[in-house]
Amino acid sequence: MLEYIILIVVVGVLLLGVGGSMLLRPRGMHGVRRGRARELDLTGPMPKASEQNSSGTGTATATAPPPTIERPAEPAAPPRPSLEKPPPSAGRMVRLRARLARSQSGFGTALLVLLSRDRLDDDTWDEIEEVLITADVGVTPARQITSDLQTRVKVEGAKTPDEVRAMLRAELLAQVETEASRALRTQRHEGRPAVVLVVGVNGTGKTTTCGKLARSLVGDGETVVLGAADTFRAAAADQLQTWGERVGAKVVRSDKDQADPASVAFDAVAIGIEQEADVVLIDTAGRLHTKNDLMDELGKVKRVIEKRTSVDEVLLVLDATTGQNGLRQARVFAEVVDVTGIVLTKLDGTAKGGIVIAVQRELGVPVKLVGLGEGPDDLAPFDPATFVDAILGG
Ligand code: GDP
Numbered sequence: 014m015l016e017y018i019i020l021i022v023v024v025g026v027l028l029l030g031v032g033g034s035m036l037l038r039p040r041g042m043h044g045v046r047r048g049r050a051r052e053l054d055l056t057g058p059m060p061k062a063s064e065q066n067s068s069g070t071g072t073a074t075a076t077a078p079p080p081t082i083e084r085p086a087e088p089a090a091p092p093r094p095s096l097e098k099p100p101p102s103a104g105r106m107v108r109l110r111a112r113l114a115r116s117q118s119g120f121g122t123a124l125l126v127l128l129s130r131d132r133l134d135d136d137t138w139d140e141i142e143e144v145l146i147t148a149d150v151g152v153t154p155a156r157q158i159t160s161d162l163q164t165r166v167k168v169e170g171a172k173t174p175d176e177v178r179a180m181l182r183a184e185l186l187a188q189v190e191t192e193a194s195r196a197l198r199t200q201r202h203e204g205r206p207a208v209v210l211v212v213g214v215n216g217t218g219k220t221t222t223c224g225k226l227a228r229s230l231v232g233d234g235e236t237v238v239l240g241a242a243d244t245f246r247a248a249a250a251d252q253l254q255t256w257g258e259r260v261g262a263k264v265v266r267s268d269k270d271q272a273d274p275a276s277v278a279f280d281a282v283a284i285g286i287e288q289e290a291d292v293v294l295i296d297t298a299g300r301l302h303t304k305n306d307l308m309d310e311l312g313k314v315k316r317v318i319e320k321r322t323s324v325d326e327v328l329l330v331l332d333a334t335t336g337q338n339g340l341r342q343a344r345v346f347a348e349v350v351d352v353t354g355i356v357l358t359k360l361d362g363t364a365k366g367g368i369v370i371a372v373q374r375e376l377g378v379p380v381k382l383v384g385l386g387e388g389p390d391d392l393a394p395f396d397p398a399t400f401v402d403a404i405l406g407g
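Numbering (the numbering used here), first residue to last: 14 to 407.
Written out as structure tokens, the structure is:
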């Protein structure tokens with residue numbers, strides 16, 4: 014009897030167990046499978062509502078747990094652009110010579126053609142002088158060059174095209190060369206960074222030059238801090254920031270519009286000293302309201318820097334395409350600050366390369382750098398022989 018009771022209990026328990034699992038299992042499995050099916054469905058066309066109803070799974074769909082939709086991973090932050098490795102400054106002018114030749118050969122070729130005439134009469138010498146003046150050499154230097162050439166022709170009697178070319182080359186070179194060194198003072202000294210102030214009228218290419226120069230110095234292995242002291246143009250600071258970021262140069266700027274340029278310059282120099290940089294380049298504002306404004310502003314920037322260290326270079330940026338007007342502006346700057354070097358920009362865009370001669374004579378300061386395009390590495394140390402050869406189409 015007891016055996017019967019035990020058997021009934023065991024059978025009952027077994028039946029309940031199987032029934033329970035039969036009742037529970039389809040639900041649970043179904044749910045999971047459905048979830049998976051849905052996940053897969055997401056990659057293909059979604060089933061139509063009518064199809065779902067006809068398959069008789071409408072109820073199950075309503076009661077099944079919502080399908081788990083895997084969220085696509087958060088898009089990764091764009092990788093920081095890797096630092097660029099700019100080329101060193103040496104030999105750049107030779108590399109860019111073709112660009113110079115393209116824009117300058119008009120003036121050089123015209124001189125060669127005139128000097129090669131069989132008879133060099135007064136009219137021809139007048140024409141030679143005119144070509145030089147048109148090329149922005151300036152009236153006085155144009156007369157000087159013409160008279161020197163006349164003397165040479167009389168003495169040497171140059172005749173063959175090669176001789177004529179050699180004579181003109183020597184004369185132009187004599188006019189372009191200066192006694193003053195064209196080397197940039199950008200080396201650390203007395204345990205402090207060199208400080209370079211970049212000045213010039215807005216639009217001449219001042220900020221671009223700061224950026225290109227920073228690149229070129231980095232290419233030469235120097236560490237650079239940039240100071241965005243042109244606080245009157247927010248875009249200038251942004252522009253400088255972009256230049257700096259590309260080559261890993263620290264950019265010091267104010268977060269306020271129209272901040273005091275002198276305080277930005279001071280901060281840049283302080284950071285340059287603290288970080289033991291080789292050189293601090295400071296982009297200044299180029300507003301030219303009155304000479305007094307300019308004098309006040311640049312004078313203050315310089316004085317404030319000199320509380321910490323010396324200013325080693327004051328580079329005046331001049332747009333080569335602006336001719337006599339640009340020269341007039343350059344003169345004002347030279348009266349306000351002690352310019353130590355000229356950066357002649359946009360020399361790729363003019364056939365008036367004579368401005369090199371004019372500006373050096375006018376200011377008594379050498380052209381140290383030339384801008385030969387809008388590309389990041391289109392700034393080159395100025396080399397007189399390469400320049401003259403380019404003018405003569407060589
Ligand atoms: P800033 O107002 O003096 O700071 O002038 P920017 O640096 O903003 O430059 C003014 C414009 O001149 C920009 O479009 C530059 O790309 C352009 N520029 C600067 N240097 C050169 C150069 O050497 N050649 C050419 N073709 N354009 C230049």
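By construction, the Cβ of each residue, glycine as well, lies at the ideal position given by its N, Cα and C atoms.
Asked, Found
"Residues of its chain near L311, where Cβ-Cβ distance is below 7 Å and the 5 sequence neighbours each way are ignored", "V212, T297, V349 and V350"
"Own chain partners of E140 with C-beta closer than 6 Å, once the 5 adjacent residues on each side are dropped", "L127"
"Residue burial classification, L96 (beta-carbon count within 10 angstroms, cutoff 16)", "exposed"
"N338 CB to nearest heavy atom of the ligand GDP below 6 Å", "no"
"Which of helix, strand or coil DSSP assigns to T322", "coil"
"Nearest-angstrom Cα separation, counted from L385 out to I368", "14 Å"
"For A75, the three-state DSSP class (helix, strand or coil)", "Bear in mind that the predicted position of A75 carries a pLDDT of just 39, short of 50, making it unreliable; the figure below should be weighed with that in mind. A75: helix per DSSP, three-state reduction."
"Of the residues L162, K219, A249 and T199, the one placed nearest D233, counting alpha carbons only", "T199"
"Delimiting residues of the alpha helix (DSSP H) encompassing T358", "No alpha helix (DSSP H) contains T358, which is instead part of the beta strand (DSSP E) from G354 to T358."
"Extent of the continuous alpha helix (DSSP H) run through G104", "Where G104 is concerned, there is no enclosing alpha helix (DSSP H), given that its DSSP letter is neither H nor E."
"Own chain partners of K359 with C-beta closer than 7 Å, once the 5 adjacent residues on each side are dropped", "G218, D332, A333, T334 and G384"
"Where E319 falls, given that 16 or more other Cβ within 10 Å makes a residue buried", "exposed"
"Residues bridged to P274 [DSSP beta-bridge criterion]", "According to DSSP, P274 bridges with nothing at all."
"C-alpha gap between Q288 and P206, whole angstroms", "9 Å"
"CA-to-CA distance, N305 to V293, given in whole angstroms", "26 Å"
"E184 versus R112: straight-line alpha-carbon distance, rounded", "23 Å"
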